[in-house]
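In the working numbering, the protein residues as written are -18 to 192.
A short write-up of the structure that comes next.
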């Protein structure tokens, strides 16, 4: 979990328990500036965190120990302008929703840039402030909450547009970077959390388009 409610940010690793959460380790990191997204490469036991205020991604061991980081402020490939959610695919590749640059960046597990896609706009494959991001197992497709365009877009693992869905009525159209997150189950059903509206939405797997 990431803690964004304190001045000194920390990553906490907890042991799952039906009745309680036991802290196994806690990595204090004074140089964090608003960590938002977090996901794990279960096979390699790496944890990736988007450090929004510092415009970078940080990698930790499964026990919460710092390993490496990459990224800086900018619009060039491999740079960020408020990186939001992060997701790891079944092969260990890392995807980042770049809120301010209106695109998605794909890296290998060590931070080497593989590809980017998207730009500011309303066409399929374009974005306006992408926030939520998930890459469900075992499918490996990429689902992005395109907040400013009030929709969800689905892509292949290398960025080719597949489908889109409208966001539910009442979802925050213009949302802060922390506002909306997404998950998708094995049946393709989409789940959204909207912290601004205080809602959780369930969306049918049937899209608006199929290409």
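Cβ coordinates follow ideal geometry from the N, Cα and C atoms, glycine included.
Nearest in C-alpha terms to residue 84, of all of 67, 181 and 71, is 67. Residue 175 counts as buried, since no fewer than 16 other beta carbons sit within 10 angstroms of its beta carbon.
Counting every other CB atom within 10 Å of its CB across the protein chains shown gives residue 25 a total below 16, marking it as exposed. Annotation for residue 84: the continuous beta strand (DSSP E) segment containing it runs 84 to 88. The C-beta distance from residue 113 to residue 184 rounds to 12 Å, too long to meet the 8 Å contact threshold. Inclusion of residue 65 and residue 48 in the CB contact set at 9 Å is not warranted, their separation being larger than that value.
A residue is called buried once 16 or more other Cβ atoms fall within 10 Å of its Cβ, and residue 103, having fewer, is exposed.
Taking C-alpha positions only, residue 82 is separated from residue 45 by approximately 29 Å. Cβ-Cβ separation between residue 51 and residue 92: approximately 3 Å, consistent with a contact (criterion under 8 Å). Note on geometry: alpha-carbon atoms of residue 167 and residue 71 lie some 14 Å from one another.
The beta carbon of residue 99 sits closer than 7 Å to the beta carbons of 83, 84, 85, 106, 107 and 108 from its chain, once the five residues preceding and following it are set aside; these are given in chain order.
With 16 or more other Cβ atoms inside 10 Å of its own Cβ, residue 115 counts as buried. Selection 80, 42, 177 and 69 evaluated against residue 60 yields 80 as nearest (Cα-Cα). The C-beta separation of residue 88 from residue 69 comes to about 10 Å, leaving the pair out of contact by the 8 Å criterion. With contacts defined as CB atoms closer than 9 Å, residue 171 and residue 163 qualify as a contacting pair. Residue pairing from DSSP leaves residue 35 without any beta-bridge partner. One alpha carbon belongs to residue 57, the other to residue 36, and they sit about 13 Å apart.
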